[in-house]
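>
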């Protein structure tokens, strides 16, 4: 009895306290805004000055946006509530510190006028679909509530038909409100996904027990809200959408964003503009270039499991870097929060043409290759000079044989499935009376892939006969990658916090490439005069078959770290955000080996014939009268290269924001960056031993100097590769083979870049925030310095002196920008924007450094005459968020226009009359370019379709249409235009790298009750110029058109590419999910064509048979017109099974 009286006493005291608190709240005096008073402003005043919270639905929110008429500026809370009640017809109820606003019950809700209905559903966690027992579920208008059961289910019965607001709350989760409709006599289901708010470390629910705290990741609704409230043109993707897809890395994720596509499965393309026009930020730091041959950040290095969201900024703004013509991609990794949580995901993948195949090409690597780095087997030997030392090695052939790795042969093994493991650990620690949040994310991936590639290119012989060269190669790669993300967050007080973010990457990839080449090929009649075509060799004694073997290993280390802070002053009126960052990148190709072989046809030497498979011999140097640029002395029979590229980036920034008035905000900031790069290479070749001390010929014939040479050593066969690099073959006396150090000053370049930027901007929100104006001026001082050298022409001056090249570009850029948004209501946004940007050359593009990309069989060379491009950007866009983004739906349509002066393009050079060697890739400025584009983006729930299946379906689609035009004017020499088209081409065509269209389609299914998620996505990008030709097409002249005037290789065009993926995720138990994905279901061939007729578009090749008018023809050649496919391969389907478990 005593215990019961105690309970009654406590109840009465609590009730009295609540009543007293409610009375105090109602009597609290308020100061109302003097201008443009609305219900929403009254609610804000009550919340801020009385310390209470409000509950009301979307319908009431819309009503409160209307004006309120009153002359009073100082009233009580009760008077304010009565004012809203009389103005909007609302009722209110006070419960502790909560005030609930509701609409009067409509007739269809009134008791006795309709049959009651039932509402039920399940409460689950947003990220993992794990059920949440003990969640509080409440129908606001009826003030009815209950808690979910142990499986997360809830059920309200006998509810009058009508529309209500369902409110769901749970400790350490963000309260969710859902608009529901209960129908007469029917049972309706509404499942609710809860998102973590990270207020507590641990949750204890009575009757349920201890459970882990949630981790807050971005939802579709949050990303759409960020886009909606942004002051510039932005697109993005959330953690929610990422978790439903088959995407494994950032490169696969960004393809789902409007106007974004990916090149080579790793480089981002925004609005069809290639990677050089776009900037990538990683947690606030500008990401470094990860490639040797281009200015680009490889997006496939970032695992999707560590990504919280990706935002793409498409219009310039004062606080964004000026070098973002296409756009700025900001990757936000998952952040440190005050929770304790651990989750792990294990993926295994199968590629049908690779996995479990016992003919997977490989070669001898080090014991640590599986960890992503070489253990020392491939390191530069200590017996030769190191990186940056251009002194030639002065060692004997015996020392070369003993200090270098002898492994030149390849082999085969069985390829294992792809394995990827990602573990995320969140925790927090108390430091004094503060808490330090921490996130540790560790990821490991090991993946193998073997691909068959077919290549073709044409050239002309001296009598103007078009010939072809065909390559059939097999590329096998095996990559291992380790990622570590280590983030810390320390909240000094409610208005101030520090963050320390670190990202570490270690990746190693071995590649074994076997390339078989046939040159001097013609398409002829088979002799039956029936029109049957065959490819055949020219009837001359030229060597027509080659085999190149490439054994390569690439390893890269990347560290990106930044320390930053956010501090508010004067009750939030002033805000200071600062950041200091360091990025260190090291890219190495240790001991890249290329072995050159030729098929022994006994053209020049009486060698013993073997079987066809055993008849590959070393590629010896040409004999007199035979020229083949692909068999130069400087490549040797075997070449071995060591390359190291180190880049360091130091940056610091500060952004200050001052809220002068409610509708005026001033912003200013600075960004300081210093970047430096050093690239060093060492080159060694294996040649015939009769070359002179400089590695060149005194006489062309092998052994022609009169000294003894052992042909059995010089003309070694492929099956002897395991013995070649030994003292049995390497001889100081010249009787066998010799290693030559061909390193010179042209095998290096150094570069630095200084960027000093500052900006000032104003943000204006007049007319109650309906108009949003953000504009300002950014000023950037940039200085790029590059030092390198060009090698001498080996035919004119073999072994000659390098020519030094120095670049020192200083520019000051004034970059104004203006973004204007108009929000007539909470669902519509209209935007217009203008901004000026700059596009600067990258170090690699400016350097004179030349290298052969063995994997793609292309020479890469920079151009020190490049200048920066300047761009005027214009945007116009309309956005609609139905029901104020209540259901994560949106529709947007936008147009953009860009004017580019001196755009930088990737160019391709190859004279068709100098043989069939690799193409030369370089860079050049066009005179000007324009880009016109249209973007459409749609996100729509399909629950309006009256079938249960469609309640959980949503559609996401976007389309970008682009028209570009680049123009190169004739240069003016001494005031006169050079009209020789062969020397100074003039053109008007599409911009290099610009695709005419791209689109993404996605159908997403999310059933929270069953824990089932599924997604089908399709995307396609149109054809684009991989490299634009500089020159003119072949044009024979003279008698019988057999004397060419000029002729260059045409542009390389990437044909349209499609990707179709599927994934399904199922909750198995409360904390475990199983995902099955199929990537690249269509497995369409990826093709590149050579634009032989210089129309800058793909025209399918047509083969016209010979007419046989001349009966004496020896070769009945077909006439080939149109564009031949120059590169073709299939990347294969990928089947992936994933397990995800959360603790």
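Numbering (my numbering), first residue to last: 2 to 1144. A virtual CB, placed ideally from N, CA and C, is assigned to each residue, including glycine.
#1: Please work out which residues of its chain come closer than 6 Å, Cβ to Cβ, to residue 693, disregarding the five sequence neighbours upstream and downstream, and give them in chain order.
#2: Are the beta-carbon atoms belonging to residue 738 and residue 781 less than 8 Å from one another?
#3: Output the distance between the C-alpha atoms of residue 766 and residue 825, rounded to the nearest integer angstrom.
#4: Check the DSSP bridge columns for residue 405 and list the partner residues they point to.
#5: With DSSP collapsed to three states, give me the class of residue 330.
#6: CA-CA distance, residue 134 and residue 152?
#7: In the segment 247-286, which residue ranges form an unbroken beta strand (DSSP E) of at least 3 residues, counting only runs that do not cross its ends?
#8: So, using beta-carbon positions, are residue 469 and residue 457 closer together than 8 Å?
#9: Can you tell me whether residue 829 is buried or exposed, with buried defined as 16 or more other CB within 10 angstroms of its CB?
#10: Select from 910, 868, 919 the residue whose C-alpha is nearest the C-alpha of residue 1145.
#11: Helix, strand or coil, according to DSSP, for residue 85 in the structure here?
#12: Beta carbon of residue 681, beta carbon of residue 389: below 8 Å?
#13: Given that a residue counts as buried once 16 or more other Cβ atoms are within 10 Å of its Cβ, and exposed if not, what is residue 947?
#14: Assuming the contact rule is C-beta atoms closer than 8 Å, residue 556 and residue 374 should be a hit. Round their C-beta distance to whole Å, please.
#15: Let's test the definition: count the other Cβ atoms within 10 Å of the Cβ of residue 665 and tell me whether it reaches 16, buried, or not, exposed.
#16: Hey, how far is the Cα of residue 977 from the Cα of residue 871?
#17: Expressed to the nearest angstrom, what Euclidean distance is found between the alpha-carbon atoms of residue 845 and residue 560?
#18: Per the DSSP calculation, residue 722 is bridged to which residue(s)?
#19: Below 8 Å, how does it come out for the segment 901-912 and the segment 992-1004: are there three or more Cβ pairs, yes or no?
#20: Starting from the C-beta of residue 965, find all residues in its chain whose C-beta is less than 6 Å away, skip the five residues before and the five after it, and write them out in chain order.
#21: Is residue 1001 buried or exposed, if buried means 16 or more other CB atoms sit within 10 Å of its CB?
#22: Taking contact to mean 3 or more Cβ pairs, one atom from each stretch, closer than 8 Å, check whether the segment 579-590 and the segment 639-651 are in contact.
#23: Please classify residue 792: is it buried, with 16 or more other beta-carbons within 10 angstroms of its beta-carbon, or exposed?
#24: How about residue 1147 and residue 286: do their beta carbons lie closer than 8 Å?
#25: Can you name, in chain order, every residue of its own chain whose Cβ lies under 6 Å from the Cβ of residue 27, other than the five neighbours on each side?
#26: Give me the DSSP bridge partner(s) of residue 670.
#27: Of the residues 789, 52, 733, 639, which one's Cα is nearest the Cα of residue 719?
#28: Considering Cα atoms alone, identify which of 361, 75, 39 is closest to residue 29.
#29: Taking 8 Å as the threshold (C-beta atoms), are residue 411 and residue 364 in contact?
#30: Can you look up residue 727 in the DSSP assignment and give me helix, strand or coil?
#31: Quick one: what does DSSP say residue 844 is sitting in, helix, strand or coil?
#32: With a floor of 4 residues, list each alpha helix (DSSP H) that falls wholly inside the segment 818-896, ordered by position along the chain.
#33: Of the residues 571, 601, 641, 405, which one's Cα is nearest the Cα of residue 590?
#34: Between the alpha carbons of residue 543 and residue 622, how many angstroms are there, rounded?
#35: Could you give the residue range of the beta strand (DSSP E) that holds residue 745?
#36: Quick one: Cα of residue 255 to Cα of residue 305, how far?
Short version:
#1: The sequence position of residue 693 within the chain shown is 692, counting from 1. 699, listed in sequence order.
#2: Within the chain shown, residue 738 is the residue found at index 737, counting from 1. Within the chain shown, residue 781 is the residue found at index 780, counting from 1. In this structure, residue 738 lies away from residue 781, with their beta-carbon atoms at least 8 Å apart.
#3: In the chain shown, residue 766 corresponds to position 765, counting from 1. In the chain shown, residue 825 corresponds to position 824, counting from 1. The C-alpha of residue 825 is placed about 13 Å away from the C-alpha of residue 766.
#4: Residue 405 sits at position 404 when you count from the first residue of the chain shown. Partner(s): none; residue 405 has no beta bridge.
#5: To locate residue 330, count along the chain shown from 1; it is residue 329. DSSP places residue 330 in strand when its eight states are reduced to three.
#6: Here residue 134 refers to the residue found at position 133 of the chain shown. Here residue 152 refers to the residue found at position 151 of the chain shown. Answer to the nearest angstrom: the Cα atoms are 6 Å apart.
#7: DSSP runs (the beta strand (DSSP E)) wholly in the segment 247-286: 261-264, 268-271, 279-283.
#8: Looking up residue 469 in the chain shown gives position 468. Looking up residue 457 in the chain shown gives position 456. Remark: C-beta atoms of residue 469 and residue 457 approach each other more closely than 8 Å.
#9: Your numbering for residue 829 matches position 828 in the chain shown. The residue is exposed, with fewer than 16 neighbouring Cβ atoms inside 10 Å.
#10: With the chain covering only 2 through 1144, there is no way to say anything about residue 1145.
#11: Along the chain shown, one-based indexing puts residue 85 at 84. Residue 85 falls in the helix class under three-state DSSP.
#12: Taking the chain shown and counting its residues from 1, the one referred to as residue 681 is at position 680. Taking the chain shown and counting its residues from 1, the one referred to as residue 389 is at position 388. Yes, the pair counts as a contact, with Cβ atoms nearer than the cut-off.
#13: Position 946 of the chain shown, counted from the first residue, corresponds to residue 947. Result: exposed.
#14: As a first step, residue 556 is located in the chain shown; it is residue number 555 there, counting from the start. As a first step, residue 374 is located in the chain shown; it is residue number 373 there, counting from the start. The pair is a contact, with the Cβ atoms about 5 Å apart (cut-off 8 Å).
#15: In the chain shown, the residue the question calls residue 665 occupies position 664. By the neighbour-count rule (16 or more Cβ atoms within 10 Å), residue 665 is not buried but exposed.
#16: Within the chain shown, residue 977 is the residue found at index 976, counting from 1. Within the chain shown, residue 871 is the residue found at index 870, counting from 1. Summary for residue 977: the model assigns pLDDT 37, below 50, so the residue's position carries little reliability; its value from the coordinates is reported in the next sentence. Approximately 27 Å, taken between the alpha carbons.
#17: Along the chain shown, one-based indexing puts residue 845 at 844. Along the chain shown, one-based indexing puts residue 560 at 559. The alpha-carbon atoms of residue 845 and residue 560 are separated by roughly 21 Å.
#18: For the purposes of this step, residue 722 is taken as the residue at position 721 of the chain shown. Answer is none; residue 722 lacks a bridge partner.
#19: A contact exists between the segment 901-912 and the segment 992-1004.
#20: Working through the chain shown from its first residue, we reach residue 965 at position 964. Once the five neighbours on either side are set aside, the close Cβ partners of residue 965 are 932, 991, 992, 995.
#21: The count along the chain shown starts at 1 and reaches residue 1001 at position 1000. With 16 or more other Cβ atoms within 10 Å, it is buried.
#22: Contact between the segment 579-590 and the segment 639-651 is present, because at least three Cβ pairs lie under 8 Å.
#23: Counted from its first residue, the chain shown places residue 792 at position 791. Classified as buried, residue 792 has 16 or more neighbouring CB atoms from the shown chains inside 10 Å of its CB.
#24: Summary: the structure shown does not reach residue 1147, with the chain confined to residues 2 through 1144, and so no result is reported for it.
#25: On the chain shown, residue 27 is found 26 positions in, with the first residue counted as 1. Answer for residue 27: 78, 79, listed in chain order.
#26: Position 669 of the chain shown, counted from the first residue, corresponds to residue 670. For residue 670, the pairing in a beta bridge is given by DSSP as 656, 760.
#27: The residue you call residue 719 lines up with position 718 of the chain shown. Closest by alpha carbon: 639.
#28: Working through the chain shown from its first residue, we reach residue 29 at position 28. The option with the nearest alpha carbon to residue 29 is 75.
#29: In the chain shown, counting from the first residue as 1, residue 364 sits at position 363. In the chain shown, counting from the first residue as 1, residue 411 sits at position 410. In this structure, residue 411 lies closer than 8 Å to residue 364 by Cβ.
#30: For the purposes of this step, residue 727 is identified with residue 726 of the chain shown, where counting begins at 1. The three-state reading of DSSP puts residue 727 in coil, since its state is none of H, G, I, E or B.
#31: Stepping through the chain shown from its first residue, residue 844 is reached at position 843. If DSSP states are grouped into helix, strand and coil, residue 844 belongs with the helices.
#32: Whole alpha helix (DSSP H) segments, 4+ residues: 844-847.
#33: Sequence index remark: in the chain shown, residue 590 carries index 589 (1-based). Nearest of 571, 601, 641, 405 to residue 590, Cα basis: 641.
#34: What you label residue 543 is simply residue 542 of the chain shown in a count that begins at 1. What you label residue 622 is simply residue 621 of the chain shown in a count that begins at 1. Annotation note: pLDDT 45 at residue 543 (below 50); position unreliable, coordinate value reported separately. Residue 543 and residue 622: Cα-Cα distance of roughly 13 Å.
#35: Residue mapping note: residue 745 aligns to position 744 of the chain shown, counting from 1. Premise fails: residue 745 is in no beta strand (DSSP E) and is neither H nor E.
#36: Looking up residue 255 in the chain shown gives position 254. Looking up residue 305 in the chain shown gives position 304. Taking the straight line from one Cα to the other gives about 10 Å.
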